[in-house]
Structure formats: C-alpha cells, structure tokens
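Q: All residue numbers for the sequence shown refer to the working numbering, where the first residue is -8 and numbers rise by one.
The beta-carbon is built from N, C-alpha and C at its ideal position, and this holds for glycine as well.
Remember, predicted model here, so these are calculated numbers, not experimental data.
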Amino acid sequence: KKTRYHNSRTYAWLRAILWRMGVDFLAAGLDEVRNRTDVVVDHVSRPCMSSTGFVTFKTLTPVTVTTSAPLTYNRDPMSVSIAPEPRDLVWQNVQIDQDIVASREFAANVLLGLGVLLWSIPLTLIQAWAKIENVALIPGLEWVDKIGERWKPLINGYLPVITLLGLILLLPLIFQWVATSYEKRKTLSGVQNSIVGRYFFYQLANIYITVTAGALWTSLGKIIDHPQNLLVILGDSLPKLAGYFISLLITKTLAGLPMVLLRVGALSRMMFLRSCFNKKRLTQRELKEVYRKQPIYYGWEYPTQFLVIIICFTYACITPFVLPVGAIYYFVALLVYKKQALYVYTPTYESGGRMFPQAVSKTLFALLISQMTFIGYTLIRKGVFQIILLAPLPFLTVFFNLLVQRRYVEPSKKLSLERAVKIDALLDQSPEFSDEAYQQPVLTEKASVPVCDADDYILTEVIETLDRLQNETAPEP
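1. Can you check which of these residues, Leu51, Val81, Phe45, Val46, is closest to Arg410 by C-alpha distance?
2. Using a Cβ-Cβ cut-off of 7 Å (strictly less than) and excluding sequence neighbours within five positions of Thr178, which residues of its own chain qualify?
3. Which one or two residues does DSSP pair with Leu80 in a beta bridge?
4. Suppose you measure from the CA of Thr435 to the CA of Ile301; what does that come to, to the nearest Å?
5. Between the alpha carbons of Arg265 and Ser259, how many angstroms are there, rounded?
6. State yes or no: is the C-beta of Thr305 within less than 9 Å of the C-beta of Leu355?
7. Thinking just about the alpha-carbon of each residue, which of Pro77, Thr57, Thr63, Met69 is nearest to the one in Phe424?
8. Consult DSSP for Tyr289 and reduce its assignment to one of helix, strand or coil.
9. So, Ser238 versus Tyr340, is the Cβ gap smaller than 9 Å?
10. Report all residues from its chain with a CB closer than 6 Å to the CB of Gln420; omit the five preceding and five following residues, and keep chain order.
11. Considering only C-alpha positions, which residue in the set Thr55, Arg95, Glu174, Tyr289 is nearest to Gln83?
12. Out of curiosity, what's the CA-to-CA distance linking Trp324 and Val433?
13. If you draw a straight line from the alpha carbon of Pro113 to that of Phe48, how long is it in whole angstroms?
14. Mind checking Lys(-7): buried by the 16 CB within 10 Å criterion, or exposed?
15. Excluding sequence positions up to five away, which residues of its chain have a Cβ less than 7 Å from the Cβ of Val169?
16. What did DSSP end up calling Glu452 once you bin it into helix, strand or coil?
17. Here's the rule I'm using: 16 or more other beta-carbon atoms within 10 Å means buried, otherwise exposed. How should Ser407 be labelled?
18. So for Gly44, helix, strand or coil by DSSP?
19. Kindly confirm or deny that the stretch 379 to 387 and the stretch 331 to 348 touch, where touching means at least three C-beta pairs closer than 8 Å.
20. Run through the stretch 284 to 363 for me and flag every whole alpha helix (DSSP H) of 4 or more residues, listed as ranges in chain order.
21. Would you kindly work out how many angstroms separate the C-alpha atoms of Gln430 and Pro53, rounded to a whole number?
22. Considering only the beta carbon of each residue, do Gly188 and Lys353 sit closer than 9 Å?
23. Restricting to Cα atoms, I'd like to know which of Asp426, Met262, Tyr289 is closest to Phe166.
24. Can you grab the Cα-Cα spacing for the pair Glu452 / Gln396, in whole Å?
25. Which same chain residues end up closer than 6 Å to Phe45 when comparing Cβ atoms and leaving out the 5 residues on each side of it in sequence?
26. Tell me the rounded alpha-carbon separation between Pro163 and Trp291.
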C-alpha cells in the first residue's frame, strides 16, 4: 500500500510539472487536429453521408429556443440555425461538412483578395493598349487603322470603357463558379450574397485603382522632373479622370440598361432552340427548360447599382457634373427594373430579404470611402478649415452603420421568444407542414402528364379519360 501511494504521488507530481510546461495546451491542440482530421477522412471515405439535417417543429416557440440558445457547452458538434426555404437549397452541396465549406471559403477569400490587390495590372493594360493603333496590330484587324480621322478620337475614348465593361461582366460568372463548385455553398441566396460582396470590392478597386493609376501614369514625367510638387500635380490630375467615369455612366445608361430590357441571353437561347429544334419533337422536360422561369440575379444587378453610386459619391464634390448624369441613370434604371420586376422576373426562391442589409452596408461603406477620398483631395488642395469640418463625417457614417446592424439587422434574423409565444397562443391549431418539403426534389417528383397542344384532340381526350378513371377508382374518404 505504501509503494502504491508513493507511485500515485510521483505520477501526480510529474503530471503537474508537464501541465505547467504547457503540455495540456499541446494535448488540446492535438485533440483539435485529430477531430478535424476525422471530419476530413469521414468526408472523403463516406461522401454519401450528410452532415446536414432538418428538424420540423409544429410551433414557433421551440424553433426560437433551439436557434437562440446554445444546446451544448461545445459549439463544434452541432450548429443550429433556421432552415432556408426548400427552393433556396443547392441540393448537391447540402451534404458537405461545414468545416470543409469554411476552409474553402477562407482560401477563396484570400485568393480573391489577392486579385483585388493586383487588379491594377489589367486596368493599366486596358488604359494603355485599348487604342485603335494597338488594335490594328492584331492580325485580321488591320482595317481598323483606316477609319476616318474624325472618328478615331470617339473610338479611342469609348474603347477602354467597353473593354473594361466586358472584363467586369466576366467577374460574376467566375464568382458564381467559385461559390457553387469550389466553396460548395448550400443555398442559392448564399451564392448570390457572396457574388454581391466580392463584386462590390472589385468594382471599388476598379474605381480607386483607376484613379491612382491614371493620375500617376499621366503625371509621372512631371513628378520625376519636379518631385517637390507631387501633391500639387496629383491634385490637378485627379479630377481629370472624371470624364472617364462620366463616359462610363453614359455608356451604362444608353447601352447597359437597354441590354437588360432585351435579355440577350434568354433571347439568343430562344432563337437558337426555335431555329434548330421542332417543338413537337421535344420532351416535356426539354419544354420546361425552354420556358423556365427567369429569376433576378442579385449578384449581377446589385453591384451594378453600387458601381454607379460609388462614382457619384466619389466625384460629387470634385466634379459636380457627375450628379445629373447619375440621376438620369437611376431614373431610367427605375423604369427598366420596375418593368422587369412586374412582367419578367419570377422569384424561384425566397430568402427573407437577405440581400437588403448588405445593400445598405455596402452603400454606407461607399459613402465612407468617398468621404475619406474627399478629405484627402482637400488636403492635396491645401485646405485646413475644410478638413476640420469634414473630419467627423467618416465617424458618423461608421456609427450609423453599427447602429443599423445592431438595431435592425441582427434582430431581424430571428423571431423573438416573446413574439413566438404570442403567435403560438393566437393559433388554434398547428399549421400543416408537408413531409416532402425538405426532401430532394428528385425523390418527391410526381408522375408527369404530357403537355398537349390545343389542337391535339386525341391526346386531350386520352388525358381526360385517364383523369376520370382515376377519380372513379379513388377510394372515398
């Protein structure tokens, strides 16, 4: 007994020394690495098993409690949130583990952030090489150099704008592929939300990198000859690029918005199918694909409006002429998108207004950047009292953004327990809920009925007879 007691004291003393040396921290770290390795191994070895599940409650009170209160002392084993609408789910990504999605999202943000920092390279190349003289050097386009002299200034002015718009239009496609195929996001609204955020920052970099790169490019010789006049030269060069962005707004008004009305993608697809295929020989699934609903793509539409408002905010005080041009754009955009929303766009899912808080925060962020830009421009122009009066504006904008997030955005994500109890008390019975709501559509799809033309009397009679026989043989309740 004395030997056993001595050994236990020795082990306890040795354990205390090791723990004081930080071995407990090392052991906890090894446990965390082991748990994450098990997650990755399970995901690779058993890809058919899903880490996402749906639980149905008949009242709102338990839903509010389970999504608000922590269910375990460790948050890693289970993450509980309100389920999105079934139509909002990307079913091929539902089974992906949350840790896998988070790690890929981090890697994508790092790479895309690096792309923002290097965005000046393609912009500088566009500004330097998008000219008729350089286009004529491309084999097969030598005829461009033979255009009349009176048209060359107009083409040289609009060619960089059109090239830049084409490059910008490719970005949402890249962001959508990253969010859907690489990051494996689980909701369509999450995919669109990621496109909106990333597209916004690329457009922000587009404006400010264009300003700095253009100013330095045009004034580089003067700065080398007279380095002591750097601030004065930049102060004179910055407003000169306002004409470039005014041309961009005019192009978006006269060409971009009519393209939204034309819906070139849907129009070209319809013309191709009608010219190459016979409607009577298409299957029902192919017909549904032809006449599928046209949703609004928030990842494309929201950043376009952000780009215009960023330009207006930035140059409102430097070049006020940009304001009426921006007002004309928004007036025409109101008419175009109102018509599209009423007669063309059909919602394919509901996200509960998930995009609106980001739209507000991005607008306030653009206002903050424009205020800081104007303060820097005033400093370049050697203004002192103006800077003292403008200094509180960025802080007021940040304070208002935090106020909106705390008072409106965060409370709107979940129903309060008080409101949930009141709603449950007012309901006489639990609302009906379909058992097939959160099953994969391929497992719940009903038998298809052939779609017939109005003049196909034989097929119409067969379908009516089939429906009558099914109603007669159906058991009475």
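A: Answer, in terms of the structure:
1. Position 419 of the sequence shown holds residue 410. Checked all of Leu51, Val81, Phe45, Val46; the closest Cα to Arg410 is Leu51.
2. Within the sequence shown, numbered from 1, the residue matching residue 178 stands at position 187. Pro75, Asp79, Leu80, Val81.
3. Counting from 1 along the sequence shown, the entry for residue 80 is found at position 89. Note: Leu80 sits in a beta bridge opposite Thr178.
4. Position 444 of the sequence shown, counted from the first residue, corresponds to residue 435. Position 310 of the sequence shown, counted from the first residue, corresponds to residue 301. Looking at the two C-alpha atoms, the distance is approximately 46 Å.
5. For the purposes of this step, residue 265 is identified with residue 274 of the sequence shown, where counting begins at 1. For the purposes of this step, residue 259 is identified with residue 268 of the sequence shown, where counting begins at 1. Straight-line Cα distance between these residues: approximately 10 Å.
6. Sequence index remark: in the sequence shown, residue 305 carries index 314 (1-based). Sequence index remark: in the sequence shown, residue 355 carries index 364 (1-based). No, these two residues do not count as a Cβ contact at 9 Å.
7. For the purposes of this step, residue 424 is identified with residue 433 of the sequence shown, where counting begins at 1. For Phe424, the nearest C-alpha among the options comes from Pro77.
8. As a first step, residue 289 is located in the sequence shown; it is residue number 298 there, counting from the start. Three-state DSSP puts Tyr289 in a helix.
9. Translated into the one-based positions of the sequence shown, residue 238 becomes position 247. Translated into the one-based positions of the sequence shown, residue 340 becomes position 349. Not a contact, by the Cβ cut-off of 9 Å.
10. As a first step, residue 420 must be located in the sequence shown, where it is residue number 429. Here the set comprises nothing.
11. The residue given as residue 83 occupies position 92 in the sequence shown. Nearest C-alpha to Gln83: Glu174.
12. If you number the sequence shown from 1, residue 324 lands on position 333. If you number the sequence shown from 1, residue 433 lands on position 442. According to the sequence provided, residue 324 is Ala. The question's Trp does not apply to it. Taking the straight line from one Cα to the other gives about 39 Å.
13. Reading the sequence shown from its first residue, position 122 is the one you call residue 113. Reading the sequence shown from its first residue, position 57 is the one you call residue 48. C-alpha separation (whole angstroms): 53 Å.
14. In the sequence shown, counting from the first residue as 1, residue -7 sits at position 2. Any reading at Lys(-7) must be qualified, since the residue scores a pLDDT of 42, below 50, and its modelled position is unreliable; the value itself is stated next. Label assigned to Lys(-7): exposed.
15. Counted from its first residue, the sequence shown places residue 169 at position 178. Only Ala99 meet the Cβ criterion.
16. Taking the first residue of the sequence shown as position 1, residue 452 is located at position 461. Looking at Glu452 - three-state DSSP - the assignment turns out to be helix.
17. Looking up residue 407 in the sequence shown gives position 416. It is exposed - the Cβ of Ser407 has fewer than 16 other Cβ atoms within 10 Å.
18. The sequence position of residue 44 within the sequence shown is 53, counting from 1. Correct three-state label for Gly44: coil.
19. no
20. 289 to 306, 313 to 334
21. Taking the first residue of the sequence shown as position 1, residue 430 is located at position 439. Taking the first residue of the sequence shown as position 1, residue 53 is located at position 62. For Gln430 and Pro53, the distance between alpha carbons rounds to 22 Å.
22. In the sequence shown, the residue the question calls residue 188 occupies position 197. In the sequence shown, the residue the question calls residue 353 occupies position 362. Yes, the Cβ-Cβ distance between Gly188 and Lys353 is below 9 Å.
23. Here residue 166 refers to the residue found at position 175 when the sequence shown is read from its first residue. Among Asp426, Met262, Tyr289, the Cα nearest to that of Phe166 is on Tyr289.
24. Within the sequence shown, numbered from 1, the residue matching residue 452 stands at position 461. Within the sequence shown, numbered from 1, the residue matching residue 396 stands at position 405. So the two alpha carbons sit approximately 60 Å from each other.
25. Indexing the sequence shown from 1 puts residue 45 at position 54. Closer than 6 Å at the Cβ level, and outside the excluded window around Phe45, lie Ala74, Tyr429.
26. Within the sequence shown, numbered from 1, the residue matching residue 163 stands at position 172. Within the sequence shown, numbered from 1, the residue matching residue 291 stands at position 300. Approximately 6 Å between the Cα atoms of the pair.
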